[in-house]
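Engineer:
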Amino acid sequence: MKPAAPPPIVVILGSTGTGKTKLSLELAVRYGGEIVSADSMQVYKGLDIVTAKATRAEQAIAKHHLLDVVTPDRAFTVAHFREQALPIIESLLAAGRMPIVVGGTNYYIESLLWQVLIGDGVRREHVRRRHHRQTADGDDIDGGESTKRPKSGPDDDDDDGGGGSEVANQQQQQQQKPEQQVTELLDRCRAGAISVDQLESHDGPLLHKVLAAVDQPSAHRLHPNNKRKIIRALEVYLDSGGTQTMDQVLNAQRASPGASSLGGPLRYENVVILWLRCEQDALNKRLDARVDSMVAQGLLPEIRAFYEQHVKPYKHHDYHQGILQSIGFKEFVKYLQRYDTEQDRLLLQHLTAETTDGADQPDGLAALGVCLDYLKLVTRRYARRQQQWIKNRFLGTLDRDVPPIYALDTTDVTCWKDQVTDRAVAIIDAVVDSRSPPYEPVMRSANPASDSLSKEGFYECAVCQRVIIGEYQWQLHLRSNKHRKVAKRSAAASLGGVVEKKPAPNAPEAAPDT
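Quick note: the sequence shown uses full-length UniProt numbering, first residue 1, plus one each step.
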């Protein structure tokens, strides 16, 4: 008898609040599958409410992977995720169990479906934090993986074994002129005398100038504020001893069979992608209600405990790294700094009271309200970005080999069974039985203007004081109402007011600005 074919990999895409967790549980129960979380914040321990993790009761329904696998003081990147997730998926397929990949971090999902990550340098993924816990003898007691920051205290200026303290490094940078910093960093990069951790102490625009000198094509694709990708490109250069650039690695990857302009070939053939969609107005209301419900679920005690343990004791914190960047925590930092646990208690008492008529409002109520309103705003923005990523990366590039994507409408939750569950089951059953699904996948279509204009090129608008990456985005900017209004008010409007910097095809090595 012919052995049964392995089940398909089911991927559930969609912005936050569309019901990905609900559908994943339903499918896991029906097919005996296991859930692989693809969320860059849910890998960290703690902040369960903030990151909207599956509850303990939900996790008891079906086995979940890659939740709570990293402590908050450790670095975890897409490369770490890929190296942990792929063996899990392979093991499930070998056992005949359906992997159900769920998450809102779409580039994590991309790292599984396509061979998009670069080689050994990034696979090793140096820890991208500047501070390590040290023993009295200067030994790193966490084996070089900890990202814990030094606590504030009288010894903050002591040498931490990493070439000088953070304070000393910052003072040295402030004393140097920008062009001197670029020259020094460039010399150290070319000599291989600088680590990725040391690069982290410099800002993005400065590192961008260094990158332009060693890998100009990559610099022209990256915005000066995109520090993470700039450092990744410099890491490739450093790891190769200056013999290879990110641009060369990506070009080689794109030239491989089955590759596309976005990277390498498809990793798996039998994949079903379910895209949960929701009308924006309905989604906005749903997201606002979810933020409000977080308070009742215990948001304040959760973020307070996390702040006291992982933020308050330390002098330096970077809210653009690790779980500190999580939507739902950093929005409350000002409140947490200003008020204490007693104010938290008074606020909870006030918010959960049956009536507040005639009661005095706690001092922190207004501040908390501002934080909650801001959280609602950034959550809605994040949901739109997630949707745009899917449209651009999964549907908007015609040369990419993309598995069929089936859209499921979650706008009306009263129609969930008919519109979501039953349709998902019908699609998966058909794929398992090698039949054509009863529903058509979403049509892929590239934006004609975007497709005809280069996505590369470094442009600078002197009127708006903005850097724009890519010819398509540049043309959009020039036609935008904001640019026109600023240009009209500008004294330089009579001269056009725009400076355009485009790299020559064989431009010489970039020199530091003077």
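Cβ atoms here follow ideal geometry from the backbone N, Cα and C, with glycine treated the same way.
(1) Using three-state DSSP, classify Lys-151 as helix, strand or coil.
(2) Do His-65 and Ile-88 have their CB atoms nearer than 7 angstroms?
(3) Taking the alpha-carbon positions, what's the Thr-421 to Ala-95 distance?
(4) Quick one: is Leu-336 buried, meaning 16 or more other Cβ sit within 10 Å of its Cβ, or exposed?
(5) Work out the CA separation of Pro-362 and Gly-204 for me, nearest whole Å.
(6) Count the other CB atoms, across all protein chains shown, that sit within 10 Å of the CB of Leu-408; report buried if there are 16 or more and exposed otherwise.
(7) Use the C-beta contact count for Gly-258: other C-beta atoms within 10 angstroms, 16 or more gives buried, fewer gives exposed.
(8) Taking contact to mean 3 or more Cβ pairs, one atom from each stretch, closer than 8 angstroms, check whether the segment 189-204 and the segment 214-231 are in contact.
(9) Residues in the same chain with beta-carbon distance under 8 angstroms from Asp-155, minus the five sequence neighbours each way, listed in chain order, please.
(10) Counting beta carbon pairs with one atom in the segment 68-85 and one in the segment 42-60, are three or more of them shorter than 8 angstroms?
(11) Following the continuous beta strand (DSSP E) through Phe-329, name the residue where it begins and the one where it ends.
(12) Output the boundary residues of the alpha helix (DSSP H) element that contains Ile-390.
(13) How big is the Cα-Cα spacing for Arg-254 and Arg-489?
(14) Among residues of its own chain, excluding the 5 on either side of His-126, which ones have a beta-carbon nearer than 6 angstroms to its beta-carbon?
(15) According to DSSP, which residues form a beta bridge with Tyr-44?
(16) Output the distance between the C-alpha atoms of Ala-4 and Ala-62, rounded to the nearest integer angstrom.
(17) To the nearest angstrom, report how far apart His-483 and Arg-381 are at their CA atoms.
(18) Just the C-alpha distance for Pro-7 and Val-432, rounded to the nearest angstrom, thanks.
(19) Do Leu-276 and Gly-19 come within 7 angstroms of each other at the CB atom, strictly closer than that value?
(20) Between which two residues does the beta strand (DSSP E) containing Leu-276 stretch?
(21) Whole-angstrom Cβ separation of Val-182 and Lys-209, contact assumed at under 8 angstroms?
(22) Would you mind reading off the limits of the alpha helix (DSSP H) that contains Phe-458?
(23) Okay, do the segment 99-117 and the segment 267-282 touch, 3+ Cβ pairs below 8 angstroms being the bar?
(24) Pick from Thr-410, Phe-458, Trp-416 and Leu-299: whose alpha carbon is nearest that of Asp-281?
(25) Quick one: Cα of Tyr-307 to Cα of Ala-252, how far?
(26) How is the beta strand (DSSP E) around Tyr-108 delimited, first residue to last?
(27) Jot down the residue ranges of each uninterrupted alpha helix (DSSP H) in the segment 218-297, minimum 4 residues, whole runs only, in chain order.
(28) With DSSP run on the structure shown, which of helix, strand or coil describes Tyr-339?
(29) Compare the Cα-Cα distances from Ala-296 to each of Leu-346, Leu-351, Lys-334 and Tyr-268 and report the closest residue.
(30) Is Asp-409 helix, strand or coil when you go by DSSP?
(31) Go through its chain and collect everything with a Cβ distance to Arg-304's Cβ below 7 angstroms, but skip five positions before and after it.
(32) Less than 6 angstroms between C-beta atoms, sequence neighbours within five positions excluded: which residues of the same chain meet that for Trp-474?
Structural biologist: Working from what's here:
(1) Note on Lys-151: pLDDT 44, under 50, position unreliable in the model; the coordinate value appears next. Strand.
(2) It is a contact, given that the beta carbons lie within the stated cut-off.
(3) CA-CA distance, Thr-421 to Ala-95, rounds to 25 angstroms.
(4) Leu-336 comes out buried.
(5) Using only the alpha carbons, I get a separation of about 41 angstroms.
(6) By the Cβ-count criterion, Leu-408 is buried, with 16 or more other Cβ atoms from all chains shown falling within 10 Å of its own Cβ.
(7) Its Cβ having fewer than 16 others within 10 Å, Gly-258 is exposed.
(8) For the pair of segments examined, the segment 189-204 was found to touch the segment 214-231: the number of CB pairs separated by less than 8 angstroms reaches three.
(9) Reliability fails at Asp-155, whose pLDDT of 36 lies under 50, so the model's placement of it is uncertain and the value that follows must be treated cautiously. Excluding sequence neighbours, Asp-155 sits near nothing in its chain.
(10) Flag = yes, the segment 42-60 and the segment 68-85 touch.
(11) Counting along the chain, Phe-329 falls outside any beta strand (DSSP E), and DSSP gives it neither H nor E.
(12) Unbroken run through Ile-390: none, as it is neither H nor E.
(13) Whole-angstrom Cα-Cα distance: 44 angstroms.
(14) Summary for His-126: the model assigns pLDDT 41, below 50, so the residue's position carries little reliability; its value from the coordinates is reported in the next sentence. Once the five neighbours on either side are set aside, the close Cβ partners of His-126 are Val-196.
(15) Partner(s): Val-70.
(16) One alpha carbon belongs to Ala-4, the other to Ala-62, and they sit about 23 angstroms apart.
(17) About 22 angstroms.
(18) Distance between the alpha carbons of Pro-7 and Val-432 is about 7 angstroms.
(19) Using a Cβ distance threshold of 7 angstroms, Gly-19 and Leu-276 count as a contacting pair.
(20) It spans 271-277 - the beta strand (DSSP E) in which Leu-276 sits, taken as one unbroken run.
(21) The beta carbons of Val-182 and Lys-209 sit about 5 angstroms from each other, so the pair counts as a contact at 8 angstroms.
(22) That residue, Phe-458, is in no alpha helix (DSSP H); its beta strand (DSSP E) goes 458-461.
(23) These segments touch.
(24) That would be Thr-410, whose Cα lies nearest to the Cα of Asp-281.
(25) Approximately 44 angstroms between the Cα atoms of the pair.
(26) According to the DSSP assignment, Tyr-108 belongs to no beta strand (DSSP E) but to the alpha helix (DSSP H) extending over 106-113.
(27) Listed in chain order, they are 227-239, 246-254 and 280-297.
(28) Tyr-339 falls in the coil class under three-state DSSP.
(29) Sorting Leu-346, Leu-351, Lys-334 and Tyr-268 by C-alpha distance to the C-alpha of Ala-296 places Leu-351 at the top.
(30) Look at Asp-409 here: in three-state DSSP terms it is strand.
(31) Correct list, in chain order: Leu-336, Thr-341 and Asp-344.
(32) Closer than 6 angstroms at the Cβ level, and outside the excluded window around Trp-474, lie Tyr-459 and Ile-468.
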